[in-house]
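Its first residue numbered 134, the sequence shown is counted upward by one per residue in the numbering used here.
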Amino acid sequence: MGIGVKSFAVIRGDNADKVNVALHDLEHYGRMKFVSKPKRIEPVYADNLLVSVAGVTLKARCNSAALVELDNNAGAAISKLRKIHPPAHVVIVSPRHDVYDELMDKSELYPEFERSFEPQHH
């Protein structure tokens, strides 16, 4: 764990339940370690992060979003993400992205994402 190896996951979903399931899937199936508790971010901000990081045109706005710092570098996180299929859109932000420093500076200021929903897997 050196400086700058961590990354962020921005989770965008139709609703808070889908974001919660995606967070659970990242931890459980993707075996990603969260450095801190997931934070609630404004959906519009999450949409802007997607456009900034992925360089794509926004196809659909999200209604709920979370941000979590990962104890994985971006390459490992993306590799793990490809193996699971969370019910929300996950964007990995690495130190090479312009918004990374902004997220590092502000991530602790955001309110905690409410994770009371327990996903049901059959």
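Glycine is no exception: its CB is placed at the ideal position from the N, C-alpha and C atoms.
When beta bridges are read from the DSSP output, residue 202 appears opposite 141. Classified as buried, residue 202 has 16 or more neighbouring CB atoms from the shown chains inside 10 Å of its CB.
Under the 8 Å Cβ criterion, the segment 154 to 166 does not count as touching the segment 177 to 192, having fewer than three qualifying pairs.
Under the DSSP assignment, residue 222 falls in the beta strand (DSSP E) whose first and last residues are 222 to 226.
DSSP places residue 173 within a strand segment (E or B) once states are collapsed to three. With contacts defined by Cβ atoms closer than 8 Å, residue 214 and residue 223 form a contacting pair.
Burial state of residue 244 is exposed, judged by a 10 Å Cβ sphere holding fewer than 16 other Cβ atoms.
Assignment of residue 249 by DSSP, reduced to helix, strand and coil, places it in the coil class. Boundaries of the alpha helix (DSSP H) around residue 209: 207 to 216. Straight through space, the alpha carbons of residue 180 and residue 164 are spaced by roughly 25 Å.
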